[in-house]
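S.K.: Let me give you the structure first, and then I'll get to my questions.
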Amino acid sequence: MLAPATLLQDRYRIERLLGTGGFARVYLAHDQRLQRFVAIKELSAEKLEEHDRPMALKLFAQEARMLAQLDHAGLTKVWDYFQHEDRAFLVMEYVPGPTLRELVLAHGAPFPDELTVACGLCLCDVFQYLHQHQPPIIFRDLKPGNVIIESHRAVEEMPADPTSLQLKLIDFGIARLFKPEQSADTMIVGTPGYAAPEQYGHGQTDTRSDIYSLGATLHHLASGQPPAGLFLPGLPEIRPDVSPALARVVARATALKPEERYQSIDHLRRDLVAVASAPYYPAATVRLTPRPTVPLLPSTQPPPQPASSMPAMLVLIVVVIVGVVGGAGALIAAWGGQRSAGGAMLPSVASPTASLGIPLLPGATGTLLYGQYAEDVFSCDIYWVEASSRSYAKLLGGGRSTAAALAPDKLRFATVEGNVVYMRLLSGERIGQISDSGKFARYPVFSPDGRQLAYTEAAARNGAYRLVIVDLDTGEHRYPGPSNLGWIAWSSQGLTYAAPARPGAPQDIFVLRADGAARNLTNTPTVEEDFPSWSHDGATLLFTASTPGDLNSRQIYRADADGGHRTQLTRSAGPHTNAALSPDGNWVAYVSRAAGGRFQLWAMRADGSDPHQLMAGSEGQFYLRWEQ
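For the sequence shown, this note's numbering begins at 739 and goes up steadily by one.
Structure (structure tokens):
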């Protein structure tokens, strides 16, 4: 170790040791030539085995060359690199602030959600810069101890304004350039708990490895506990008051399989921005903000009930579907514990009446929402399934709900409760009444940008349902004109609905143009069509078709965006209906009575092959939407 007052290169005077880690020491030094303080990193080669020293020196030199090319406010600048007495030194910018690790320890408790999100956004900016480098730079060792807060405040003082944070990454010792031709890393590197699974010799690290480490770091900040291994407990399990949206972001970022994580730092950053723009904190109330002249309708319903977890009798992960057994169509499966949509660990419980097979759909992504009816009464709750992370939850209980729609920001959802459309946060908190309590409302759906909500309403339950569009910024309700509507959907193609082409005619599928005119996509005078649903690129339309008056003849079809190339997907005895295409375009979820009894959840490939039942039991499912 270098003693104070040691002079290196006749220029850098060692002041004191700042810290040690791995095989390096970092000193505070004074640059006698430029009269400024610097940080000097020394490779402690004497701790290494003789055969390891060449690789260590190579990585150390690589760190120097890499940092010298970079210029970002979130990175420490490199000013010099040299060897002295068989040791290597790196001269860097000195940042006097504490590390995030020191701040967590000093705070002695989890960070507030807004501070965790602010840290995440700062780090996203740095990683976006690194990952856009050609070739991309993979940091591979993100953890709170490698992040410095650029501040002269005492370590014990929490930043008063999280948005004013400036963080800097330090220690690029194991960072490397991404090599697309390389199938695996040559070294097992990284800090256990923060390092992605592929850093343990199972594959090549890429930008998604940094996304995992960022998620693990946010988990540490939000929970106050360092990760103990690869299997991170869900944040709500440690902190029940954590923002559900933040918990979902962390859970997705730390998925064990790289393909189930965010695929780019920009996607992670986008979701953190959404959390920051519509935060959920116990001390705050998030509300819609309509103009005073056109307020949302006041709530006349009982106080909101919190969303509960899914009944333990549902299986969480189905590992293998062995087959369909008997007339009841029960699924035989193995099971295991997994995270809920909010991140909490749910128990591993076998179910004699129901099985969940969504995780068995290879490549499936997005969020599937559906209503589930109880066995003995007409009582419906809303459930959701995160297809890629194999998590599920009861979004809304109480038995009064039917159809629901998830906002594009995944922070709010709209649901029909009784006969009224309400807006809620994912925590279950009701934040606005959308439709008139004196009317019968159905089928809410968000516009692609999330700024409008459409639904249908009628004066009587069996009356003619008309289209209503609500501007969620102003609260203004518009009535474009279409009536006698069935199911509605909304995509880049426009607001889409099922309705008769003329009084007394069977339903066709229409798209409402921006000028208010409607375009008939199916135009089949002798066929009844309903339940339009779009692929998420707007290129494929799904719908149900049947003989007029014979609902049991319903089958599922797909067509191009203009209604052409109509193809029948289901052909067995049904009825089959209410289809929804996964965001990746590979799978179609739908409800069917093919196994007898009530409508239950099924899936098939996008070309109609491999149809199989996902849910089997006394409950029934309906009102499917598969959101991005």
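Think of the CB as a built atom: it goes at the ideal place given N, C-alpha and C, for glycine as much as any other residue.
Buried or exposed: glutamine 1351, going by 16 or more other Cβ atoms within 10 Å of its Cβ?
M.R.: The residue labelled residue 1351 in the question sits at position 613 within the sequence shown. Buried is the call here.
S.K.: Using a 10 Å radius around the Cβ and a threshold of 16 neighbouring Cβ atoms, would you call glycine 1440 buried or exposed?
M.R.: Since the first residue shown for the chain is 739 and the last is 1366, residue 1440 is missing from the structure and cannot be characterised.
S.K.: Let me know the beta strand (DSSP E) ranges lying completely inside the region 788-837, each 3 residues or longer, listed in chain order.
M.R.: Listed in chain order, the complete beta strand (DSSP E) runs (minimum 3 residues) inside the region 788-837 are 816-822 and 825-831.
S.K.: Shortest alpha-carbon distance to arginine 1363 belongs to which of Tyr932, Thr929, Gly1104 and Glu831?
M.R.: As a first step, residue 1363 is located in the sequence shown; it is residue number 625 there, counting from the start. Among Tyr932, Thr929, Gly1104 and Glu831, the Cα nearest to that of arginine 1363 is on Gly1104.
S.K.: Exposed or buried, arginine 694, counting other C-beta atoms within 10 Å across all chains shown (16 or more means buried)?
M.R.: The chain is shown from 739 up to 1366; residue 694 falls before or after that span and cannot be answered.
S.K.: Spatial neighbours of glutamate 1365 within its chain, please: CB distance less than 7 Å, with the 5 preceding and 5 following residues excluded, ordered by chain position.
M.R.: On the sequence shown, position 627 is the one that residue 1365 refers to. Gly1104, Thr1105, Leu1107 and Leu1144.
S.K.: Once DSSP output is grouped into helix, strand and coil, what is the label at proline 882?
M.R.: Taking the first residue of the sequence shown as position 1, residue 882 is located at position 144. Three-state result, proline 882: helix.
S.K.: Hey, could you find the ends of the beta strand (DSSP E) serine 1367 is sitting in?
M.R.: Look at the range of the chain in this structure, 739 to 1366, and you will see that residue 1367 is not part of it.
S.K.: My output table needs one value for histidine 871: the three-state DSSP class, helix, strand or coil.
M.R.: Taking the first residue of the sequence shown as position 1, residue 871 is located at position 133. DSSP places histidine 871 in coil when its eight states are reduced to three.
S.K.: Measuring straight from C-alpha to C-alpha, what distance separates methionine 1161 and arginine 774?
M.R.: Looking up residue 1161 in the sequence shown gives position 423. Looking up residue 774 in the sequence shown gives position 36. Spanning the two alpha carbons is a distance of roughly 57 Å.
S.K.: So threonine 1140 and glycine 1176 are in contact, right, with Cβ under 8 Å, and what is the actual spacing, rounded?
M.R.: For the purposes of this step, residue 1140 is identified with residue 402 of the sequence shown, where counting begins at 1. For the purposes of this step, residue 1176 is identified with residue 438 of the sequence shown, where counting begins at 1. Contact flag wrong, Cβ pair sits at about 18 Å.
S.K.: If you count every other CB in all the chains shown that lies within 10 Å of the CB of methionine 793, and 16 or more means buried, which is it?
M.R.: Counted from its first residue, the sequence shown places residue 793 at position 55. Result: exposed.
S.K.: On the DSSP letters alone, give me the boundaries of the alpha helix (DSSP H) that valine 987 sits inside.
M.R.: The residue you call residue 987 lines up with position 249 of the sequence shown. Note, valine 987: alpha helix (DSSP H), 982-991.
S.K.: Do alanine 1354 and the ligand HEM come close, with the Cβ less than 8 Å from some heavy atom?
M.R.: The ligand HEM is absent from the structure shown, which contains no ligands of any kind.
S.K.: List in chain order: all unbroken beta strand (DSSP E) runs of 3+ residues lying wholly within the region 1160-1240.
M.R.: Taking only runs of at least 3 residues, the beta strand (DSSP E) segments lying wholly in the region 1160-1240 are 1168-1171, 1178-1184, 1190-1196, 1204-1209, 1226-1229 and 1232-1238.
S.K.: So is isoleucine 1070 buried or exposed if we call it buried at 16+ other beta carbons inside 10 Å?
M.R.: Indexing the sequence shown from 1 puts residue 1070 at position 332. Any reading at isoleucine 1070 must be qualified, since the residue scores a pLDDT of 21, below 50, and its modelled position is unreliable; the value itself is stated next. Isoleucine 1070 should be labelled exposed.
S.K.: Let's see if you can read the secondary structure: which residues bound the alpha helix (DSSP H) around tyrosine 950?
M.R.: Counting from 1 along the sequence shown, the entry for residue 950 is found at position 212. Residues 945-961.
S.K.: Classify glutamate 1267: buried if its beta carbon has 16 or more other beta carbons within 10 angstroms, exposed otherwise.
M.R.: Counting from one through the sequence shown, the residue named residue 1267 turns up at place 529. Label assigned to glutamate 1267: buried.
S.K.: For valine 776, which of helix, strand or coil comes out of DSSP?
M.R.: Looking up residue 776 in the sequence shown gives position 38. Valine 776 falls in the strand class under three-state DSSP.
S.K.: By the DSSP assignment, the alpha helix (DSSP H) with valine 1013 in it spans what residues?
M.R.: Taking the sequence shown and counting its residues from 1, the one referred to as residue 1013 is at position 275. 1003-1015 is the extent of the alpha helix (DSSP H) around valine 1013.
S.K.: Taking just the CA atoms, how far does glutamate 998 sit from alanine 1079?
M.R.: For the purposes of this step, residue 1079 is taken as residue 341 along the sequence shown, with counting starting at 1. For the purposes of this step, residue 998 is taken as residue 260 along the sequence shown, with counting starting at 1. Because the pLDDT at alanine 1079 is just 33, under 50, the model does not fix this residue reliably, and the value given afterwards should be weighed accordingly. Between alanine 1079 and glutamate 998, the C-alpha separation is close to 14 Å.
S.K.: Could you tell me which whole beta strand (DSSP E) segments of length 3 or greater appear in the region 1265-1312?
M.R.: Counting only runs of 3 or more, we get 1266-1272, 1278-1284 and 1293-1298.
S.K.: On the CB-based measure, 16 or more other CB atoms within 10 Å of its CB, does alanine 1202 come out buried or exposed?
M.R.: Numbered from 1 along the sequence shown, position 464 holds the residue referred to as residue 1202. The residue is exposed, with fewer than 16 neighbouring Cβ atoms inside 10 Å.
S.K.: With DSSP run on the structure shown, which of helix, strand or coil describes phenylalanine 877?
M.R.: Taking the first residue of the sequence shown as 1, we reach residue 877 at position 139. Coil, per DSSP.
S.K.: Based on DSSP bridge pairs, tell me the residues matched to alanine 1318.
M.R.: Counting from 1 along the sequence shown, the entry for residue 1318 is found at position 580. DSSP output for alanine 1318 lists Ala1327 as bridge partner(s).
S.K.: Tell me where the beta strand (DSSP E) around leucine 907 begins and ends.
M.R.: By 1-based counting over the sequence shown, the position of residue 907 is 169. Segment 905-907, the beta strand (DSSP E) holding leucine 907.
S.K.: Would you mind reading off the limits of the alpha helix (DSSP H) that contains leucine 1339?
M.R.: Residue mapping note: residue 1339 aligns to position 601 of the sequence shown, counting from 1. Where leucine 1339 is concerned, there is no enclosing alpha helix (DSSP H), although the beta strand (DSSP E) it sits in stretches over 1338-1343.
S.K.: Would you decide whether alanine 1082 is buried or exposed? Buried here means 16 or more other CB atoms lie within 10 Å of its CB.
M.R.: Position 344 of the sequence shown, counted from the first residue, corresponds to residue 1082. Only weak support exists for where alanine 1082 lies, its pLDDT of 30 falling under 50; the value from the coordinates is given anyway. Its Cβ being crowded by 16 or more others within 10 Å, alanine 1082 is buried.
S.K.: Beta strand (DSSP E) containing glutamate 1124: first to last residue?
M.R.: On the sequence shown, position 386 is the one that residue 1124 refers to. Note, glutamate 1124: beta strand (DSSP E), 1118-1124.
S.K.: Please name the residue or residues paired with isoleucine 976 in a DSSP beta bridge.
M.R.: By 1-based counting over the sequence shown, the position of residue 976 is 238. For isoleucine 976, which the question treats as bridged, DSSP gives no partner whatsoever.
S.K.: Going by C-alpha to C-alpha distance, which of Leu740, Arg771 and Lys906 sits closest to phenylalanine 827?
M.R.: Within the sequence shown, residue 827 is the residue found at index 89, counting from 1. Ranking the options by Cα distance to phenylalanine 827, first place goes to Leu740.
S.K.: With 16 as the cutoff for other CB atoms within 10 Å, does lysine 1132 come out buried or exposed?
M.R.: Taking the sequence shown and counting its residues from 1, one reaches residue 1132 at position 394. That one is buried.
S.K.: Mind checking which residues open and close the beta strand (DSSP E) that includes aspartate 1246?
M.R.: As a first step, residue 1246 must be located in the sequence shown, where it is residue number 508. Unbroken beta strand (DSSP E) run through aspartate 1246: 1245-1250.
S.K.: Buried or exposed: where does alanine 1237 fall if 16 or more other Cβ atoms within 10 Å of its Cβ makes it buried?
M.R.: The sequence position of residue 1237 within the sequence shown is 499, counting from 1. Its Cβ being crowded by 16 or more others within 10 Å, alanine 1237 is buried.
S.K.: From glutamate 788 to arginine 825, what distance separates their C-alpha atoms?
M.R.: On the sequence shown, residue 788 is found 50 positions in, with the first residue counted as 1. On the sequence shown, residue 825 is found 87 positions in, with the first residue counted as 1. Spanning the two alpha carbons is a distance of roughly 14 Å.
S.K.: Which of the three DSSP states is assigned to glutamate 1155 in this structure?
M.R.: Position 417 of the sequence shown, counted from the first residue, corresponds to residue 1155. Looking at glutamate 1155 - three-state DSSP - the assignment turns out to be strand.
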